[in-house]
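A.B. asks: I have a structure here, written as structure tokens, and I will follow up with some questions on it.
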Amino acid sequence: MAAVALNGLKMAATSQAYLESTPVNDTRKLLSDLCRHFYGLGWVSGTGGSITIKVHDESIPKPQQLIVMSPSGVQKERMVPEDMYVLSPSGCFLSSPSPKPYPNKPPKCSDCAPLFLKAYLMRNAGAVIHSHGMESCIVTMIDPLSKEFRITHMEMIKGIQGHGYYDELVVPIIENTAYERELTDALAEAIEAYPKTTAVLVRNHGIYIWGDSWIHAKTQAECYHYLFDAAIKLYQLGLDWSTPDHGPIKKYGGKTNMSVKAGTVNSNHETEPSRRCIVLDIEGTTTPISFVTDVLFPFARNNVSRHLAATYETDETQDDIKLLRTQVQNDLEQGIVGAVPIPPDDAGKEEVIAALVANVEAMIKADRKITALKQLQGHIWRTGFQNNELEGVVFEDVPEALQKWHASGIKVTLASYVSFYSFIFLTDVLLTFYVVLNF
Ligand SMILES: CSC[C@@H](O)[C@@H](O)C(=O)COP(=O)(O)O
Ligand SMILES: [Zn+2]
Numbered sequence: 001m002a003a004v005a006l007n008g009l010k011m012a013a014t015s016q017a018y019l020e021s022t023p024v025n026d027t028r029k030l031l032s033d034l035c036r037h038f039y040g041l042g043w044v045s046g047t048g049g050s051i052t053i054k055v056h057d058e059s060i061p062k063p064q065q066l067i068v069m070s071p072s073g074v075q076k077e078r079m080v081p082e083d084m085y086v087l088s089p090s091g092c093f094l095s096s097p098s099p100k101p102y103p104n105k106p107p108k109c110s111d112c113a114p115l116f117l118k119a120y121l122m123r124n125a126g127a128v129i130h131s132h133g134m135e136s137c138i139v140t141m142i143d144p145l146s147k148e149f150r151i152t153h154m155e156m157i158k159g160i161q162g163h164g165y166y167d168e169l170v171v172p173i174i175e176n177t178a179y180e181r182e183l184t185d186a187l188a189e190a191i192e193a194y195p196k197t198t199a200v201l202v203r204n205h206g207i208y209i210w211g212d213s214w215i216h217a218k219t220q221a222e223c224y225h226y227l228f229d230a231a232i233k234l235y236q237l238g239l240d241w242s243t244p245d246h247g248p249i250k251k252y253g254g255k256t257n258m259s260v261k262a263g264t265v266n267s268n269h270e271t272e273p274s275r276r277c278i279v280l281d282i283e284g285t286t287t288p289i290s291f292v293t294d295v296l297f298p299f300a301r302n303n304v305s306r307h308l309a310a311t312y313e314t315d316e317t318q319d320d321i322k323l324l325r326t327q328v329q330n331d332l333e334q335g336i337v338g339a340v341p342i343p344p345d346d347a348g349k350e351e352v353i354a355a356l357v358a359n360v361e362a363m364i365k366a367d368r369k370i371t372a373l374k375q376l377q378g379h380i381w382r383t384g385f386q387n388n389e390l391e392g393v394v395f396e397d398v399p400e401a402l403q404k405w406h407a408s409g410i411k412v413t414l415a416s417y418v419s420f421y422s423f424i425f426l427t428d429v430l431l432t433f434y435v436v437l438n439f
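Note that UniProt numbering gives residue 384 to position 384 of the sequence shown, counting from 1, and the numbers run on in steps of one.
What follows is the structure, encoded as structure tokens:
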């Protein structure tokens, strides 16, 4: 007989015959098969992780069904049906594996047993999986102070009992301890506090997942791991997995609003935003190259004389002239084509400017990337922007991108081969963000 009546209920018989029955043996085999599969997924490597399944018997209510559990500290992918423990519903050992020769350790039931029993008792589970999957570990480390993992608007949430696509999935996180059994009370408290949850994360360790049956536990375990993996990848992309649109991670008052916040913890146990930076080129990135070649360069070339004449007495232009003199002197010594001597200052402003213009035109024609030329061009462009003779251009998606990155705490730096002054005056958008982000 597979079951006996007790108090009007049927419960698993503990006869040797039942312990050797097909349902028990099938469950032993199923458990070893699943563990081999889970090893392939990285859930039970290095002897970590564990699994337990109730012996399904239609004639026995689940709370009275026997429990099959994996042994402790063994190569989980190499377990065979005979290695399993069989326990009564209350956790008494009914069958233990035989010792194996050296180098195997003496058999011992999984250290997770008291935790598994909590899930059976408190949630009437049919199976419990304890995974050491890397994603279940790392997702608890992104914010070491977080007590929950939250995610929404992901199709795989539908694989978690009682959840739809639009629901927010909340998984409690408990703190790890030196020994697995010491997690028991915290796990029970989390199960109590989160009536909807079918899993509890253990920080820096892994996760316990249960379901009505082994299929349900496995399905959910796959969905949980998928969601943790997605969350980590979204985080690496600077995206917030916890919000419906999974947009850039936002910061309020220096803190992110993610349910598991980004960043590191400083000595005051405050989360600091992670340091991330995007360096944007101007030409061809924020701004069409044609703006530089067709507008900026011709403007500088056509306005050298006018600019020098209008600003000749200023310190800035005198500094530009000084740089040009030094450059031209070197060029003359090296026989650079187009270099012409610049008369001394007392030769008169017009003569000096005429020589400067001749040199600058030759430098532009030769497309020389020299500081003396770039500095002067930058000043000419700045004057052009200030007088509204030049108007900056950016691609249409630039303002929104800058806004998003800025809001998510990403530092944006602009770089240009043309000139410092060429880009900070390109548009109000670039100027605003340059000032906000760099000063
Ligand atoms: C790598 S050792 C991991 C164990 O300490 C424990 O966390 C674990 O998950 C497995 O326990 P076990 O007793 O082998 O079932
Ligand atoms: Zn573990």
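In this text, a Cβ means the ideal position worked out from N, Cα and C, and glycines have one as well.
Is it a yes or a no for the region 49-64 touching the region 119-137, going by three-plus beta-carbon pairs under 8 angstroms?
C.D. replies: These segments touch.
A.B. asks: Go ahead and pull the three-state DSSP assignment for residue 497.
C.D. replies: Lying outside 1 to 439, the shown extent of the chain, residue 497 is not represented and no answer is given.
A.B. asks: Can you tell me whether residue 135 is buried or exposed? The criterion is at least 16 other CB atoms within 10 Å of its CB, across all chains shown.
C.D. replies: The residue labelled residue 135 in the question sits at position 135 within the sequence shown. It counts as buried.
A.B. asks: Shortest alpha-carbon distance to residue 83 belongs to which of 90, 91 and 99?
C.D. replies: Counting from one through the sequence shown, the residue named residue 83 turns up at place 83. Out of 90, 91 and 99, 99 has the C-alpha closest to the C-alpha of residue 83.
A.B. asks: Okay, do the region 371-390 and the region 285-300 touch, 3+ Cβ pairs below 8 angstroms being the bar?
C.D. replies: Yes, the region 371-390 is in contact with the region 285-300.
A.B. asks: Within 10 angstroms of its Cβ, does residue 71 collect 16 or more other Cβ (buried), or is it exposed?
C.D. replies: For this step, residue 71 is matched to residue 71 along the sequence shown. Buried, by the Cβ-count rule.
A.B. asks: Report the start-end ranges of each beta strand (DSSP E) in the region 187-252 that is 3 residues or longer and not cut off at the edges.
C.D. replies: The qualifying runs are 199-202 and 206-211.
A.B. asks: Secondary structure at residue 324, three-state DSSP: helix, strand or coil?
C.D. replies: What you label residue 324 is simply residue 324 of the sequence shown in a count that begins at 1. In the structure shown, residue 324 sits in a helix (DSSP, three-state: H, G or I).
A.B. asks: Please work out which residues of its chain come closer than 6 angstroms, Cβ to Cβ, to residue 106, disregarding the five sequence neighbours upstream and downstream, and give them in chain order.
C.D. replies: Taking the first residue of the sequence shown as 1, we reach residue 106 at position 106. So the list reads 99, once near-sequence residues are dropped.
A.B. asks: Relative to the C-alpha of residue 28, which candidate in 185, 18 and 86 has its C-alpha closest?
C.D. replies: Position 28 of the sequence shown, counted from the start, is the residue given in the question as residue 28. Answer by Cα proximity: 86.
A.B. asks: From this set, 355, 32 and 63, which residue's C-alpha is nearest residue 75's C-alpha?
C.D. replies: Residue numbering aside, residue 75 sits at position 75 when the sequence shown is read from its first letter. Checked all of 355, 32 and 63; the closest Cα to residue 75 is 32.
A.B. asks: Give me every residue whose Cβ sits closer than 7 angstroms to any heavy atom of ligand 1, in chain order.
C.D. replies: That query returns the following residues: 46, 47, 48, 49, 50, 70, 72, 73, 74, 110, 111, 112, 130, 132, 180, 205 and 206.
A.B. asks: For residue 77, which option in 41, 283 and 331 has the closest C-alpha, if you only look at C-alpha atoms?
C.D. replies: Locating residue 77 in the sequence shown gives position 77, where the first residue counts as 1. The residue with the shortest Cα to Cα distance from residue 77 is 41.
A.B. asks: With 16 as the cutoff for other CB atoms within 10 Å, does residue 248 come out buried or exposed?
C.D. replies: Position 248 of the sequence shown, counting from 1, holds the residue named residue 248. By the 10 Å Cβ count, residue 248 comes out buried.
A.B. asks: I think residue 198 touches residue 206, with their Cβ atoms under 8 angstroms apart; what is that distance to the nearest whole Å?
C.D. replies: For the purposes of this step, residue 198 is identified with residue 198 of the sequence shown, where counting begins at 1. For the purposes of this step, residue 206 is identified with residue 206 of the sequence shown, where counting begins at 1. With a Cβ gap of about 15 angstroms, residue 198 and residue 206 do not count as contacting.
A.B. asks: Counting Cβ pairs, one atom from each stretch, are 3 or more of them under 8 angstroms apart for the region 174-186 and the region 151-162?
C.D. replies: No: fewer than three Cβ pairs fall under 8 angstroms.
A.B. asks: Where residue 182 and residue 193 are concerned, what is the direct C-alpha to C-alpha distance, given to the nearest angstrom?
C.D. replies: The residue labelled residue 182 in the question sits at position 182 within the sequence shown. The residue labelled residue 193 in the question sits at position 193 within the sequence shown. Whole-angstrom Cα-Cα distance: 18 angstroms.
A.B. asks: Kindly confirm or deny that the region 315-331 and the region 342-356 touch, where touching means at least three C-beta pairs closer than 8 angstroms.
C.D. replies: Segments in contact, yes.
A.B. asks: Starting from the C-beta of residue 366, find all residues in its chain whose C-beta is less than 7 angstroms away, skip the five residues before and the five after it, and write them out in chain order.
C.D. replies: Along the sequence shown, read from residue 1 onward, the residue named residue 366 stands at position 366. The answer, listed in chain order, is 338.
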